[in-house]
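Taking it in order: structure first as structure tokens, then the write-up.
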Amino acid sequence: MKTNQKKFEELYIKAKEVMNNSYSPYSKFKVGAALLTKSGKIYTGTNVENSSYGLSMCAERIAIFKAVSEGEKDFETLVVIGDTENPISPCGACRQVISEFGVDEVILTNLKEDIKVMTVEELLPYGFSGDELDVKNTDN
Numbered sequence: 002m003k004t005n006q007k008k009f010e011e012l013y014i015k016a017k018e019v020m021n022n023s024y025s026p027y028s029k030f031k032v033g034a035a036l037l038t039k040s041g042k043i044y045t046g047t048n049v050e051n052s053s054y055g056l057s058m059c060a061e062r063i064a065i066f067k068a069v070s071e072g073e074k075d076f077e078t079l080v081v082i083g084d085t086e087n088p089i090s091p092c093g094a095c096r097q098v099i100s101e102f103g104v105d106e107v108i109l110t111n112l113k114e115d116i117k118v119m120t121v122e123e124l125l126p127y128g129f130s131g132d133e134l135d136v137k138n139t140d141n
């Protein structure tokens, strides 16, 4: 694990706390995420469901989108927690967003504090990237 134990514990606690804010009346499946930027800021997210399931949003994407909306684009560590038997696994859409922003380290965990540390490449091998696009505007 690249992240030191003290920083991991802080991220774990924040992810676990925000997990309690989950709006998941349909699945009853609460997820929390805490994202550490390279500037040292922490952004959190929890899943938000909608009765039209396609409009729901996962904790991981909310944390990343919050950070990006505040001007952050360089990410160090993402901790994701759920009440699962094994460390929680992000969905495909979240894996793609995590890959897009190149999070250095992804730590998957659960309420029992089981841990699985992964790189983006391990999480999403052969992920789609902007390299495959004929990008005309590179200002972003």
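Heads up, the sequence shown is in the numbering used here, so the first residue is 2 and it goes up one at a time.
All C-beta atoms, glycine included, are put in the ideal place defined by N, C-alpha and C.
How is residue i classed by DSSP in three states: helix, strand or coil?
| i | result |
| --- | --- |
| Tyr27 | coil |
| Val104 | coil |
| Glu77 | strand |
| Leu127 | In the sequence as presented, Leu is not what sits at residue 127; that position holds Tyr. Note: Tyr127 maps to coil in three-state DSSP. |
| Leu36 | strand |
| Leu109 | strand |
State the CB to CB distance for the pair residue i and residue j, rounded to an integer number of angstroms; the pair is presumed to be in contact (CB under 8 Å).
| i | j | result |
| --- | --- | --- |
| Lys39 | Phe76 | 7 Å |
| Ile108 | Val80 | 5 Å |
| Ser100 | Val121 | 5 Å |
Kindly list the residues whose CB is nearer than 7 Å to the CB of residue i, restricted to its own chain and excluding five residues on each side of it in sequence; keep chain order.
| i | result |
| --- | --- |
| Lys117 | Pro88 and Leu109 |
| Gln97 | Leu125, Gly128 and Phe129 |
| Thr85 | Asn111 |
If I measure Cβ to Cβ from residue i and keep anything under 8 Å in the same chain, skipping five residues before and after, which residues do I get?
| i | result |
| --- | --- |
| Met2 | Phe9, Glu106, Ile108, Ile116 and Val118 |
| Asn51 | Ser57 |
| Tyr24 | Thr47, Asn48, Val49 and Glu50 |
Express the C-alpha separation of residue j and residue i in angstroms, rounding to a whole number.
| i | j | result |
| --- | --- | --- |
| Gly72 | Lys42 | 11 Å |
| Glu61 | Val19 | 12 Å |
| Leu36 | Asp132 | 25 Å |
| Glu29 | Lys74 | The amino acid at residue 29 is misidentified as Glu; the sequence shows Lys. When rounded, the distance between both Cα atoms is 31 Å. |
| Thr78 | Asn5 | 11 Å |
| Ser53 | Tyr27 | 10 Å |
| Asn21 | Ala34 | 11 Å |
By the DSSP assignment, the alpha helix (DSSP H) with residue i in it spans what residues?
| i | result |
| --- | --- |
| Ile14 | Gln6 to Met20 |
Only counting the same chain, and skipping five residues up and downstream in sequence, which positions put a Cβ closer than 6 Å to that of residue i?
| i | result |
| --- | --- |
| Val32 | Asn48, Ala60 and Gly83 |
If you follow the beta strand (DSSP E) that residue i is part of, which residue opens it and which one closes it?
| i | result |
| --- | --- |
| Lys117 | Ile116 to Met119 |
Strictly under 8 Å for the Cβ-Cβ distance: is residue i near chain C by that measure?
| i | result |
| --- | --- |
| Gly128 | The chain labelled as chain C is not found in the depicted structure, where only one protein chain is given. |
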